[in-house]
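The listed protein sequences correspond, in order, to chains A and B. With our numbering applied, the first sequence has no gaps in its numbers, which climb one by one up to 507 at the end. With our numbering applied, the second sequence has no gaps in its numbers, which climb one by one up to 811 at the end. Idealized CB from N, CA, C, for every residue including glycine.
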Amino acid sequence: MTDPLLRLSGLTKAYPGVVANKDVSFDIGRGEVHALLGENGAGKSTLVKTIYGLVKPDAGTMTLEGRPFQPAEPRAARALGIAMVFQHFSLFDAMNVAENIALGMEDPPPQAEIAARVRHVSDQYGLPLDPDRIVGELSAGERQRVEIIRCLLQDPKLLIMDEPTSVLTPQEVNILFETLRKLSAEGTAILYISHKLEEIRALCENATVLRLGEVVGDCDPRATSAREMAELMVGTALHVPERAEKPAGDVVLSLNGLSAKAPHQFGTPLREISLEVRKGEVLGIGGVAGNGQDELVAALSGEMRTGGDMIGYHGQAIGQMPPNARRKIGLLAAPEERMGHAAAPDMSLTENAILTAMTRENLTTRGFVHWGKARGFAERVIETFDVRTPGPQNAARSLSGGNLQKFVIGREIMQAPEVLVVNQPTWGVDASAAAAIRQALLDLAAKGTAVIVISQDLDELMEISDRFAALNEGRLSAPRPAKGLTVEEIGLMLGGAHDMEVSHAGA
Amino acid sequence: MDLSSINPILLLASLMVAATPIILAAIGELVVERAGVLNLGVEGMMITGAICGFVVAVNTGSPWLGFLGAAIGGALLSVIFGVLTQILLSNQVATGLALTLFGLGLSALMGQGYIGIKAPSFPDWHIPLLGDIPVIGPIVFQHDPMVYVGLFIVAGVWAFLRYSRAGLILRAVGENHEAAHALGYHVVRVRILAIMFGGACAGLGGAYLSLVRVPQWTEGMTAGAGWIALAIVVFASWRPGRLLLGAYLFGGVTVLQLNLQAAGAAIAVEYLSMAPYLATIAVLVIMRAGRAPGSLGQSFHASR
């Protein structure tokens, strides 16, 4: 008998207006680590939701160990040995670890026994976790451990992982991979979804590439280059951002011992950040989310006031200056959260353009709005940055995440800033749009703007930064030239993998 | 003013009676909110329960059947809210307010012809042995059965939320409905059941007013008790134990100020009438340390 563990044949699922999956077929063998690759909207999520019983396919069949497999709901899929770790964690913040785990199990044993089994499994796989802690207080890496252990307690035959590494430090990623390899050696198949090609090359034995809902290729990631895989995903040759070497310019922005209290209960205080940013350079700031990124952007944009001398702009102390005054003198910022922070979801793109661009683009006179001029500006942003929308009269909410991201970044770039601060510029944006945004940032720097890019995507920072610095608990490391930095060095700059290494050393 | 006319034992005993309608309505709303639904229609469901219970009790002569009728009436009204907010995805705040207005009008209509009638009597229990204990006996163990039913429901809800699987699922649905759905729990079903439980409890609370506390029917007789119940749920940080405390505090100050009025205290009546509200809010704000269920008040739609 050489039946694969799971065979998908001809799976098709259409939503009004979109075909999410079209005639998708492939096999996953026992103990195989199988990658599922594709851009945003390629149909990866729909496909794994079908396997997990959250979506019913319109056509096509699945067989599990040679028997027909049609899970009506996740419960049925779990009973047959399918487990899933979600991209946006499916955890309950106000509950403790053991309760969260009980919710993901059929017929869970009493809490005390769950706690004992959590301890056992976490020892076995080197994933330390205290079952009594409240999930809301855990770090992203720890929260992921909760999800993984929740799956492992059910002895799955197939473990589905949807973009598991997006929130982890390089060291945490290594630990995760060790766990996954151990599972695979024990016979658990893993379906691994990611767009980080280097990870897939390091981990997976087989890859299926989806584009616009269809399988466009299979490959052995260990024998295929990242570039080839990326081109399979995108369907065209991928444009890698280019930059010209240039001499360093004058200092535009300087932070002198920037310190600020955490603005709210779950915030991070900024501690003694000193930094000089020069004309025409791209400074990359890395770090795991929640280490002061939002606070740093707020301090630079003017949302959060600091001591006046702490921020110098062309030698002028601007720490107390409000956002619009900073925009006027050429310091612009684009925050991370698109909906509700960078853009007002229910207002049109024209109105959203006015909100940040009215000062620099002279869109108002004596308090009255020049609608024609504003619409023209919004249209230029839409055209220049290839924002897919019927027009500037559409509400920001109606745009997909990637398109809105292009709009809010483009809106700032089009105002020709002297300093631009962007936080997570390509978060949730597909590969070709991300490349376009990065190229635009580099072009802006080439024209003499100082660009500060804050991101959790290290590959992105390495690709575009001239210098790299890391934020860790509100402190900024000394910036180093990005060229030649190794992943290990970056990991150390980011502050290591918290408490994870110790347990693995003993495992 | 003659403070000696206030009998502390009677005062404490009537405190338990005064708090019961609020306890009943609030514990129902607590379950609803723990499931992530904000139903502002408590007042409307209470008064509908009050008239349903009164009509059934007068026509059958049985207060027990009256309470049953009140629970069914309150639950039926809440189903309207459930269908509108959970299936048709209407706004919970607006729908809840509409439910209150609708309940007030509906109860006035149903109550025509029942004004001025006295409800069948609902005798107090004199619990053997326990009721004979001096001081504690008359305060705690000589009430009508609904006082104990109310306490039993609070204890039941506490144990349900804390120890049962179903309670865990209900909390999960209220905490993060997207995640609960992804794990395969039926968010809408859980919520509609919780809403019906809340309606039934509010109905019982209303009927306690019309059958025991007053005991007759007058229009608008709940007089804001439903809003107090709502406030107590929030200030009690969604915990049954604190809810009991808040309701007793409110009941206690209410009874005390009535006694002070009767004793002719030299404070304006308006200030005394304000006292229960101020005292309850002050104490519960001071002890407040909880956070709201994560998905409270948000509509859930299983897209994709």
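- Setting aside the 5 residues that flank it on each side, residue 303 of chain A is surrounded in the same chain by 323, each with a C-beta closer than 7 Å to its C-beta; the list follows chain order.
- Contiguous beta strand (DSSP E) elements confined to the segment 168-234 of chain A occur at 189-193, 206-211 and 214-219, taking only those with 3 or more residues.
- In this structure, the CA atom of residue 624 of chain B is about 26 Å from the CA atom of residue 769 of chain B.
- Close partners of residue 683 of chain B in chain A (Cβ separation under 8 Å): 90, 91, 92 and 93.
- Under the 10 Å beta carbon count, residue 671 of chain B is surrounded by fewer than 16 other beta carbons and is classified as exposed.
- In this structure, residue 660 of chain B lies away from residue 648 of chain B, with their beta-carbon atoms at least 8 Å apart.
- Selection B/567, B/668 and B/766 evaluated against residue 534 of chain B yields B/668 as nearest (Cα-Cα).
- Taking C-beta atoms as the reference points, residue 319 of chain A and residue 307 of chain A count as a pair closer than 8 Å.
- Taken through DSSP and simplified to helix, strand or coil, residue 656 of chain B comes out as helix.
- Exclusion of the five residues before and after residue 177 of chain A leaves 203 as the residues of its chain whose Cβ lies within less than 6 Å of its Cβ.
- Secondary structure at residue 61 of chain A: strand, using DSSP grouped into helix, strand and coil.
- Taking a C-beta distance under 8 Å as the contact criterion, residue 745 of chain B and residue 797 of chain B qualify as a contact pair.
- Within the segment 684-706 of chain B, those residues whose Cβ lies closer than 7 Å to any Cβ of chain A are, in chain order, 686, 689, 690 and 691.
- Contact check for residue 258 of chain A against residue 207 of chain A fails: the beta carbons are separated by 8 Å or more.
- When C-beta atoms of the segment 424-444 of chain A are compared with those of the segment 469-476 of chain A, fewer than three pairs fall below 8 Å, so the two segments do not count as touching.
- In this structure, residue 739 of chain B places its C-beta atom within 8 Å of the C-beta atom of residue 754 of chain B.
- Within 9 Å of the CB of residue 679 of chain B, the CB atoms of chain A belong to 92, 95, 99, 100 and 103, in sequence order along the chain.
- Assignment of residue 745 of chain B by DSSP, reduced to helix, strand and coil, places it in the coil class.
- Judged by beta-carbon spacing, residue 674 of chain B lies beyond the 8 Å limit of residue 803 of chain B, meaning their Cβ atoms are not closer than that value.
- Partner residues in the beta bridge of residue 12 of chain A, as assigned by DSSP, are A/59.
- For residue 316 of chain A, the beta-bridge partners assigned by DSSP are A/313.
- In the three-state reduction of the DSSP assignment, residue 415 of chain A falls in the coil class.
- If you ignore the 5 residues before and after residue 380 of chain A, its C-beta comes within less than 7 Å of the C-beta of 414, all in its own chain and listed in chain order.
- Judged by DSSP in its simplified three-state form, residue 337 of chain A adopts coil rather than helix or strand.
- Judged by DSSP secondary structure, residue 611 of chain B falls outside any beta strand (DSSP E) and instead within the alpha helix (DSSP H) spanning 599-617.
- Our two residues, residue 418 of chain A and residue 449 of chain A, have alpha carbons roughly 5 Å apart in a direct line.
- Where residue 285 of chain A is concerned, the enclosing beta strand (DSSP E) starts and stops at 282-286.
- By alpha-carbon distance to residue 710 of chain B, the top candidate from B/522, B/520, B/783 and B/553 is B/553.
- In the DSSP assignment, residue 270 of chain A falls within the beta strand (DSSP E) that extends over 270-278.
- Look at residue 801 of chain B: its C-beta is under 8 Å from a C-beta on chain A.
- A residue is called buried when at least 16 other Cβ atoms come within 10 angstroms of its Cβ; residue 390 of chain A does not meet this threshold and is exposed.
- Within the segment 62-90 of chain A, 73, 74, 75, 76, 77, 78, 84, 86, 88, 89 and 90 place their CB atoms closer than 9 Å to a CB of chain B, listed in sequence order.
- Relative to residue 433 of chain A, the option among A/404, A/416, A/81 and A/216 whose CA is nearest is A/404.
- Around residue 611 of chain B, the same chain offers 551, 554 and 727 as residues with beta carbons nearer than 7 Å, after the five sequence neighbours per side are excluded.
- Taking the beta carbon of residue 746 of chain B as reference, no residue of chain A falls within 8 Å; the closest one sits roughly 12 Å away.
- Residue 563 of chain B is classed as buried because its beta carbon has at least 16 other beta carbons within 10 Å across all chains shown.
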